[in-house]
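Residue numbers (this note's numbering), protein chains in the order written: chain A, 247 to 587; chain B, 31 to 418. Note that the Cβ used here is the ideal one computed from N, Cα and C, for glycine as well. Report on one structure; see the data block that follows.
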C-alpha cells in the first residue's frame, strides 16, 4: 500500500503542468473554440513526447501506464487544453495492444490524430468527439473493430457546441480496414472505453480543482454588505463538500488506474465510478464557482464560464453519468435479469 | 502507487473474526441492541487482554503495537462483527490526553486499567446550551485545598452510567470565556453529588444527562495544567476528528444490496432487477468507495504527517445519511420492520441504519463546523465564526 506518486510521476505532472500553464492560457482556449484544437499547443504536446505515454517502448512508446496518462489529462483539464487527449490516448493504447506498429508510428510522432468512436452504433449515426480534427478513427460496430480513414473533403470546422469540442459527423462511406473481430474486438473496445472513462475523469478532476480555485479566490476579494462574501457560510460551505468530493474523485482515478494497469478484476467498475463521480463533482464545482461570481460569472469576459461549459460537455461527450451508474451496477452486481417487468 | 491490501491486514482481520466467532454471541448483539450501553464489560476485558483497547500503543504500554491502518482494520472488523466499541473507543480519547499531558502518578494509576479493558472513561464536554460550541462551557470548578469542587451539568455523556470516570471540561477561572480558563478533571463517577439520568435516542443508544452538585475531585485527578484545559482537550478533539468513521456507507450498501437481491419489489419481481433500484445501489457503492478511500488516506497521511483537513469526517457521515434514506426508499414497507419482528429481512438493518445515520453528521464534529474548518484550512477563506 502506497498512495504516493513516485518521483517520476511527480516529474511528469510538473512538466505538463508547466506546459499547459504556459501554452493553454484562457485567451488561447477562447480562440480554439471555433476550431476545436490549438495546433501550436498540439505541436508542443507532441514534441515533449506526450503521445508515447502509456504505450510500451516495444512499439515506440515511452512506457508508463494509465496513471501517467491520467496525470497528463488532469493537468490538461486544469487549463482546459484544447487538444484531444482521452479518446486519442485510448486509441493509441488500443493499437499498441493489437501490435499495430505501423499505424502507431505516425500517431506517436503527432503526424496523425487517431481517435476513437465511443459508440458501437453505425459510424454515420454518431457525432464524433474528435470528428473535425481526426485523421482516422477506430470504430467498433458490435462485431468488427475497424480503422477508418478520414473521408476526402471532410470539412475540418467543428459543429458549434457548448464545450468548444471538435464535434463533427463523418460520411458513412469512409474507407476502412478490419483490425480484429469477434471476442477480441469486443474486449479490446471495452478496454479502450475504460481508458476513456478514466482519462475523462482525470481531466474533469483537473477542471474541477481549478474551478474551485477560481471561485474561492473570487470570494476573498469580492465584498458585499461590508465583508468578503467568502465569510458567508452559504457561499463558503458548498466548497467544503466539493473539496471532499474532489479528493475522492482523484483517489478514484488513481485507484482505477492502478487496478486497470494491474489487471485487477474490479478495474472496470472503478473506471466507471471515477467517470461518474468526477463528472458530477466537476459540474458542482464549476456551477458553484460560477454562481459566486454573481452576474459577472455569466459574462464571456470571466474565465469561470469556460469551465462551467466544459464540465458538462466533457462528461456527456462520453456518456450520461446516470446511465453509467447502470453500467456500474452490471459490473458490481452482475447483469440485470430481464423479463421482470 | 499501490492500493494492494497488505498481508498483515488480512491476518489482523482474521484474528478479529476469530475473536468475534468465539465471543460475540447472538445474546451479546441483542443485549447491546436492547440496552444501547455502547460497551460490554466482559468483552472489553477480553479486548484488553489482546492489547486491542489501545491497539496503537506499544505492547509494553499495554497496546498491540499496530499502526493507524492496522488499528482501523481491527476496529472496523470488531465493530462490524457486533463488538460494542463505543465504550473502549471513546475511552482512548482521554487516555491519549492523559498519556500526553497527565502527571506520572495519574498515568500510573489510570492507564494500566484502561489498556486492560477494566477502566472506562466517558467524555464530559457537551452542555445543554453548548452543542458544537464546546468552549461555551459553563460547568464550574473551584479549587478548595487539595480538591476541586465541581458544579454544573453535561449532556450526551454516552455510557456514563457504566463508566468509571468522566473526562470533564470545567471552567476554573470565573469570568473567563472561550478557550481560556478551563481545567480538565478526571472525575470518578461514584463520587457523591453526581446524578446520572438516562436519555434514550431513536437509534436505540442510551446516552445521559449528568448533574454535578458540589462534587469533590482530588487535584491529583487534574489532567495537564490548571486553567490550560484547552490544550489538553485539543489533543483529544483532534484525535476524534482524525478517526475516520470507517466504512458505514460500505456496510449499508452491502445490506441494501442483500435486501434488493432477496426481496421482491411492488410488482413481485426481485428489487435488484429494477433499473431505478440498480442506479441507487450503484451510487451507494460508489460513495462507499469514496468514503473508504478518503478514510484510508487520512490514516495514510497521518503517518506521512500531512493533513488534508476533515474531508473524510465530512464525506463519510454525509454519504451514510444519503445512503440510509435511499436504502429505505428502495426497501419500502418491509424495510420499516424492526429487528425483533419474526419476518424482518436482513436483520432489520434498513430500520437500524436509518435510525442511526443522522447522528453521525453531528457527534464527531457537526458537518457545519467541519465545513468551516475545511474551507479555512484548504482554501484560506475568512473565518465566519465570531472570535472570542
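For residue 122(B), does the count of other Cβ atoms within 10 angstroms reach 16, so buried, or fall short, so exposed? Buried is the call here.
Anything in chain A within Cβ reach of residue 309(B), meaning under 8 Å, just list it in chain order. Chain A residues near residue 309(B): 568, 571, 572, 575.
What is the DSSP secondary structure of residue 214(B), counted as helix, strand or coil? Assignment of residue 214(B) by DSSP, reduced to helix, strand and coil, places it in the strand class.
Can you look up residue 308(B) in the DSSP assignment and give me helix, strand or coil? In the structure shown, residue 308(B) sits in a helix (DSSP, three-state: H, G or I).
Can you tell me the Cα-Cα spacing of residue 291(A) and residue 377(A), whole angstroms? Here the C-alpha atom of residue 291(A) lies approximately 20 Å from the C-alpha atom of residue 377(A).
Identify whether residue 424(A) lies in helix, strand or coil by the three-state DSSP scheme. DSSP places residue 424(A) in strand when its eight states are reduced to three.
Could you tell me whether the Cβ of residue 259(A) comes closer than 8 Å to any Cβ of chain B? Cβ-Cβ to chain B under 8 Å: no for residue 259(A).
Residue closest to residue 415(A), alpha-carbon to alpha-carbon, out of 280(A), 422(A), 374(A): Of the listed residues, the one whose Cα sits closest to residue 415(A) is 374(A).
What first and last residue would you give for the alpha helix (DSSP H) that runs through residue 337(B)? Careful: residue 337(B) lies outside any alpha helix (DSSP H) and carries neither H nor E.
Just the chain B side, please: which residues come within less than 9 Å of residue 485(A) by C-beta, in chain order? Against residue 485(A), the close residues of chain B are 401, 404, 405, 408, 409, 411, in the order they occur along the chain (beta-carbon pairs closer than 9 Å).
With 16 other Cβ atoms within 10 Å as the buried cut-off, status of residue 541(A): Flag for residue 541(A) reads exposed.
Rounded straight-line distance, which links the Cα of residue 428(A) to that of residue 552(A): Each residue's Cα considered, the two are about 42 Å apart.
In the region 445-468 of chain A, which residues sit with their C-beta less than 7 Å from some C-beta in chain B, listed in chain order? Near chain B, meaning a CB-to-CB distance below 7 Å, the residues of the region 445-468 of chain A are 462, 465, 466.
Buried or exposed: where does residue 509(A) fall if 16 or more other Cβ atoms within 10 Å of its Cβ makes it buried? Taking a 10 Å sphere around the C-beta of residue 509(A), we find fewer than 16 other C-beta atoms and assign the residue as exposed.
At a Cβ cut of 9 Å, what residues of the region 275-305 of chain B count as close to chain A, listed as they run along the chain? For the region 275-305 of chain B, which is checked against every Cβ of chain A, the residues closer than 9 Å are 287, 290, 291, 295, 297, 298, 299, 300, 302, 303, 304, 305.
Interface residues of chain B facing residue 309(A) [CB-CB closer than 7 Å]: Here the premise fails: no neighbours, minimum Cβ distance about 16 Å.
Using a Cβ-Cβ cut-off of less than 8 Å, list which residues of the region 408-434 of chain A approach chain B; keep chain order. From the region 408-434 of chain A, no residue has a Cβ closer than 8 Å to chain B.
What are the boundary residues of the alpha helix (DSSP H) that includes residue 334(A)? Bounds of the alpha helix (DSSP H) holding residue 334(A) are 332-343.
Would you say residue 312(B) reaches chain A, if we count a Cβ-Cβ gap shorter than 8 Å as a contact? Residue contact with chain A for residue 312(B): present (Cβ-Cβ distance below 8 Å to some residue of chain A).
Partner residues on chain A for residue 32(B), Cβ-Cβ distance less than 7 Å: Near residue 32(B) (Cβ distances below 7 Å), the residues of chain A are 247, 248, 504.
Opening and closing residue of the alpha helix (DSSP H) in which residue 121(B) lies: Where residue 121(B) is concerned, the enclosing alpha helix (DSSP H) starts and stops at 116-131.
Can you tell which of 99(B), 100(B), 78(B) has the C-alpha that lies nearest to the C-alpha of residue 91(B)? Minimum Cα-Cα distance from residue 91(B) among the listed residues 99(B), 100(B), 78(B) corresponds to 78(B).
First through last residue of the beta strand (DSSP E) which encompasses residue 183(B): From DSSP, the beta strand (DSSP E) with residue 183(B) extends over 177-185.
Along chain A, which residues have their Cβ under 7 Å away from the Cβ of residue 323(B)? Within chain A, the residues near residue 323(B) are 494, 497, 498, 501.
Neighbouring residues, chain A, relative to residue 338(B) (Cβ below 7 Å): From the beta-carbon of residue 338(B), the residues of chain A found nearer than 7 Å are 493.
Would you decide whether residue 306(B) is buried or exposed? Buried here means 16 or more other CB atoms lie within 10 Å of its CB. Counting the other CB atoms within 10 Å of its CB gives residue 306(B) a total below 16, which places it among the exposed residues.
Would you tell me roughly how many angstroms separate the C-alpha atoms of residue 273(B) and residue 266(B), rounded to the nearest one? Caution is warranted here: a pLDDT of 49 is assigned to residue 273(B), below 50, making its placement in the model unreliable, and no coordinate value can be reported.
Any Cβ of chain B within less than 8 Å of the Cβ of residue 479(A)? Chain B has a Cβ within less than 8 Å of the Cβ of residue 479(A).
Using the three-state DSSP reduction, which class does residue 434(A) fall into: helix, strand or coil? Residue state, collapsed to three classes: helix.
Proximity test, Cβ basis, 8 Å: residue 339(A) and chain B: False, the Cβ-Cβ gap to chain B never drops below 8 Å.
Just checking: is the beta-carbon of residue 36(B) within a distance shorter than 8 Å of some beta-carbon in chain A? Yes, contact with chain A.
Look at residue 260(B) and residue 376(B) and say whether their C-beta atoms are less than 8 Å apart. It is not a contact, given that the beta carbons lie outside the stated cut-off.
Below 8 Å on the Cβ atoms is my contact criterion, and I expect residue 382(A) with residue 396(A) to pass it. Report the Cβ-Cβ distance as a whole number of Å. Contact check for residue 382(A) and residue 396(A): beta-carbon distance about 6 Å, within the 8 Å limit, so the pair qualifies.
Over what stretch of residues does the beta strand (DSSP E) that includes residue 224(B) continue unbroken? Where residue 224(B) is concerned, the enclosing beta strand (DSSP E) stretches over 224-230.
8 Å Cβ cut-off: residues of chain B touching residue 355(A): In chain order: nothing, as chain B lies at least about 29 Å away.
Using C-beta distances below 6 Å, list every residue in its chain close to residue 528(A), excluding the 5 sequence neighbours before and after it, in chain order. So the qualifying residues of the chain are 450, 453, 454, 557.
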